[in-house]
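Read through the structure below, which is laid out as structure tokens, and then see the notes.
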Amino acid sequence: MPSSNVCWGIEIGAGAIKAVKLEADNQRVNVLDFAYIEHAKVLSTPGVDANDVLRVSLGQLVGQYDLTKAAIAVSVPGHAAFARFAKLPPVDPKKVPDIVKFEAMQQIPFPLEQVEWDYQTFQSPNSPDIEVGIFAITKERINERLAMLQNVGITPDFVTLSPLAAFNGLAYDLEFSEKSQGTIVVDVGTTSTDLIVAEAGRVWIRTFPIGGHHFTDALVSTFKIGYPKAEALKKEAEESKHARQVFQAMRGVFTDLGQDIQRSTGYYTNLHKDSNLERLIGIGSTFQLPGLRKFLKQQVGIEVFRFEEFKRANTDSLKNEDRAKQFKELSLSMVTAYGLALQGLGLASIGANLMPVQMIRETMWRSKVKWFGLAAGLAIAASGAMFVRPTIDYFQAEGNRQGPAVDNALRIAKEHKDDAAEKKVDTAANPDYTAANMLSLLEARNVHAHLVNDLGEIFKDADKKASAWKTGDQTAWPLPPGEPAFSLKSFDTDYHGPRSAVDPSGAMPDPAAPPPPDAGQPAGTGPLGTGQKIDVRLVVEASRASDSDANAFMIKTVDEWLAKNAIRPGVPYKILKRPGQQNYWKRVGSAAAQPEAAAPDPSEPPSSDGVRGPGGRDPGRGPKGRDVGRPTNIPGEGGGGNDSPGGDGLGLAPLKKLVTEVRHPGPVYTMEVQWTVEILQPEKKAEEGGT
Numbered sequence: 026m027p028s029s030n031v032c033w034g035i036e037i038g039a040g041a042i043k044a045v046k047l048e049a050d051n052q053r054v055n056v057l058d059f060a061y062i063e064h065a066k067v068l069s070t071p072g073v074d075a076n077d078v079l080r081v082s083l084g085q086l087v088g089q090y091d092l093t094k095a096a097i098a099v100s101v102p103g104h105a106a107f108a109r110f111a112k113l114p115p116v117d118p119k120k121v122p123d124i125v126k127f128e129a130m131q132q133i134p135f136p137l138e139q140v141e142w143d144y145q146t147f148q149s150p151n152s153p154d155i156e157v158g159i160f161a162i163t164k165e166r167i168n169e170r171l172a173m174l175q176n177v178g179i180t181p182d183f184v185t186l187s188p189l190a191a192f193n194g195l196a197y198d199l200e201f202s203e204k205s206q207g208t209i210v211v212d213v214g215t216t217s218t219d220l221i222v223a224e225a226g227r228v229w230i231r232t233f234p235i236g237g238h239h240f241t242d243a244l245v246s247t248f249k250i251g252y253p254k255a256e257a258l259k260k261e262a263e264e265s266k267h268a269r270q271v272f273q274a275m276r277g278v279f280t281d282l283g284q285d286i287q288r289s290t291g292y293y294t295n296l297h298k299d300s301n302l303e304r305l306i307g308i309g310s311t312f313q314l315p316g317l318r319k320f321l322k323q324q325v326g327i328e329v330f331r332f333e334e335f336k337r338a339n340t341d342s343l344k345n346e347d348r349a350k351q352f353k354e355l356s357l358s359m360v361t362a363y364g365l366a367l368q369g370l371g372l373a374s375i376g377a378n379l380m381p382v383q384m385i386r387e388t389m390w391r392s393k394v395k396w397f398g399l400a401a402g403l404a405i406a407a408s409g410a411m412f413v414r415p416t417i418d419y420f421q422a423e424g425n426r427q428g429p430a431v432d433n434a435l436r437i438a439k440e441h442k443d444d445a446a447e448k449k450v451d452t453a454a455n456p457d458y459t460a461a462n463m464l465s466l467l468e469a470r471n472v473h474a475h476l477v478n479d480l481g482e483i484f485k486d487a488d489k490k491a492s493a494w495k496t497g498d499q500t501a502w503p504l505p506p507g508e509p510a511f512s513l514k515s516f517d518t519d520y521h522g523p524r525s526a527v528d529p530s531g532a533m534p535d536p537a538a539p540p541p542p543d544a545g546q547p548a549g550t551g552p553l554g555t556g557q558k559i560d561v562r563l564v565v566e567a568s569r570a571s572d573s574d575a576n577a578f579m580i581k582t583v584d585e586w587l588a589k590n591a592i593r594p595g596v597p598y599k600i601l602k603r604p605g606q607q608n609y610w611k612r613v614g615s616a617a618a619q620p621e622a623a624a625p626d627p628s629e630p631p632s633s634d635g636v637r638g639p640g641g642r643d644p645g646r647g648p649k650g651r652d653v654g655r656p657t658n659i660p661g662e663g664g665g666g667n668d669s670p671g672g673d674g675l676g677l678a679p680l681k682k683l684v685t686e687v688r689h690p691g692p693v694y695t696m697e698v699q700w701t702v703e704i705l706q707p708e709k710k711a712e713e714g715g716t
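Residues 26 to 716 in our numbering are what the sequence shown spells out, letter by letter.
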């Protein structure tokens, strides 16, 4: 089992991997080792496969440094997770976990079973109010990151958000307390910036999408040079003979960064009327840009400092003075990794851990296996010693005559056995197949990915056919450049278990139909073709000349595609025909609808999503048209967070209704269609060309 006294903190950034190995030592910590491995290419470089670059850099880390015999803590970017903050009502401390869980269900934009989450409560000694920070990440994202780490032999013990780790690093090194002056921590990363407010024993976090990448991109656009060359020019800006032109090109991004910091702190002070923010501390390699501190001081109106070195970290354990000097020079970039290692040592102010519970148990189990072997050996030796005496007694008893007490005991035992057989209580109970049925669901776990892929192929096919489409009176109706044939309104699926009553036409099951098999019947035991089915419901909008034209266009696209692709190699299901008909889908209805774009509410606070929502920025604002009219915080795409109603802090903004602009003069028709797919058993896939 890793030593609880030593921990590696590893931050996987977009520009480099930063790692620190710390050892707890009374009031200080010893820096045993550190690593700074720059990626071959910055992950934000256009056309770069981020996963390939990360695998190479992680391989270097594992190959050059000993990560064994120590705990490991890693971070996930703030824009890839959620952070929500809320005030709790005055309650008994024992009831706080239940209230926090209820609050999490309201604040996290996903069902709790789809996320890994944790929380931290904050309370000032001078206030009865209890505030809570709720931190979460989707299981899909955390599993993807953990799979990449495990591929190179890294199994972490702790996973937390980068802004939390950055706060933990500064809180420990600068000894934050309830009496410390109000502090804004700004961590400018490659693709986003984390803003952390720490005062009066509480923490508040927000992430917005401005980082070093945007400074580089501004140079690419201004000087018409490649991304790697612009990145090098940014780093050497102060020494360049074209320094004036370089900083002029980046001026728009400087302004955007300052405005987002102003808006975020303004929103925080509106929520906390008693706040008093007196200083700003900058971390992250982007803070090395000359003039950034001076600009932010003018923009925000408070003192701006740049983190220079760790005061409570002892570097005497490093190999030589050069290594100690190098660690000091990297302090600005090492704060997050430092905070991660502190969490592994139990010295963090916020101990939120998003590591999946199952993986924690597996790690603990593997660490105990060697002790099980030793225990088994001792048990065998002990049992051997215990076996000797009973064996001797057995052979001594063999020669003795069986007494009447033994005969009487045998007779009573036989009577009880006969009575049990007569009442049929000695037979095996009926088996319960609940667990087997649950496991059978995993056999088709990739079905939904294929359904989503089908949706994309249907839309692609519709765009192709729409380019040469003519209405019933042979009037040409081609698509304007860049406009899709369909605009997606909703895409829903309903799963039905083996032999459940499913109408192949795609309608919902009849409530009067026989119920699905219960726990006494194993799934998949019936005839092939009567097993698991999924109803698919698709609602789209399309600009068409008339209702009949909309219907004809839908038949030409959806029905033809479904008929052509009913059975395909590699797809784990077949698309069913409607009973007694040739088509594969059911048209539920269509109706003319006039889209209306919702106007932004200027009273709402700033946001990171390009649409004015809670914390929102003005639509269309940003250098070179960045963030224009498109939300970046759609679930599943990541992005920095905003505040939802009733909470304050980082997270996803409530989604606005997205409406595709209509360029045709005709009305917009909303059309709903349904179809059904049947999941194939393995032998059925083979018969019908599946794999």
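Just so it is clear, CB atoms sit at the ideal spot from N, CA and C, and this is done for glycine as well.
Nothing here was measured: the structure is a model prediction, and the numbers come from that model.
Of the listed residues the options, nearest to residue i (C-alpha basis)
i	options	result
THR218	LEU244, PHE279, LEU601	PHE279
PRO118	ASP154, ALA474, GLN351	ASP154
MET275	GLY307, GLY309, HIS238	HIS238
ASP560	SER568, GLY522, THR518	THR518
ALA349	ASN55, GLU447, TRP33	ASN55
GLY226	GLU203, VAL360, SER82	GLU203
ALA60	ILE308, GLU141, LEU355, ILE230	LEU355
TYR293	PRO604, ASN151, LEU220	LEU220
LYS490	SER573, LEU435, PHE578, PHE135	PHE578
ARG288	PRO253, PHE233, THR361	PHE233
GLY283	ASN176, ALA262, GLY307, SER265	GLY307
GLY257	PHE240, GLN273, PHE332	Before going further, note that residue 257 is Ala rather than Gly in the sequence given. Considering only alpha carbons, the answer is PHE240.
GLU263	ASP299, LEU317, LEU296	LEU317
GLU165	PHE320, GLU200, PRO136	PRO136
Exposed unless 16 or more other CB atoms sit within 10 angstroms - verdict on residue i
i	result
GLY88	exposed
ILE437	exposed
ASP194	Per the sequence shown, residue 194 should be read as Gly rather than Asp. Buried.
ALA39	buried
ILE592	exposed
LYS259	buried
PRO114	exposed
ASN667	Low per-residue confidence applies at ASN667: pLDDT is 36, beneath 50, and the placement is therefore not dependable, though the value from the model is reported in the following sentence. Classification of ASN667: buried, given that the 10 Å Cβ count is 16 or more.
VAL125	buried
SER358	buried
HIS104	buried
GLU128	buried
PRO253	exposed
LEU186	buried
PRO594	exposed
Residue(s) in a DSSP beta bridge with residue i
i	result
GLU141	ILE162
VAL184	VAL99
ASN76	Its beta-bridge partners do not exist; DSSP assigns none.
ILE704	TYR598
LYS611	GLN699
LYS66	Paired residue(s): none; LYS66 is not in a bridge.
LEU302	GLY207
ASP517	ARG562
PHE147	GLU156
VAL33	It is worth fixing the name first, because residue 33 is Trp in this sequence and not Val. According to DSSP, which records beta bridges pairwise, TRP33 is partnered with LYS46, ILE97.
ARG53	ASP50
Limits of the beta strand (DSSP E) - the one that residue i falls within
i	result
VAL325	Where VAL325 is concerned, there is no enclosing beta strand (DSSP E), although the alpha helix (DSSP H) it sits in stretches over 317-325.
THR232	227-233
ALA108	107-113
ASP50	41-50
GLU482	Looking at the DSSP string, GLU482 is not in any beta strand (DSSP E); the run it does join, the alpha helix (DSSP H), is 472-491.
PHE330	328-331
Contact belief for residue i with residue j at Cβ below 8 Å, rounded distance in angstroms
i	j	result
SER582	ALA474	The identity of residue 582 in the sequence shown is Thr, whereas the question assumes Ser. The pair is not a contact, with the Cβ atoms about 22 Å apart (cut-off 8 Å).
THR695	LYS514	6 Å
VAL222	ILE209	6 Å
LEU587	TRP494	At roughly 19 Å, the Cβ-Cβ gap does not stay under 8 Å, so LEU587 and TRP494 are not in contact.
LEU244	VAL271	7 Å
First through last residue of the alpha helix (DSSP H) which encompasses residue i
i	result
SER246	237-248
THR218	Per DSSP, THR218 belongs to no alpha helix (DSSP H); it is in the beta strand (DSSP E), 218-224.
PHE352	346-354
PHE335	Careful: PHE335 lies outside any alpha helix (DSSP H) and carries neither H nor E.
TRP586	585-589
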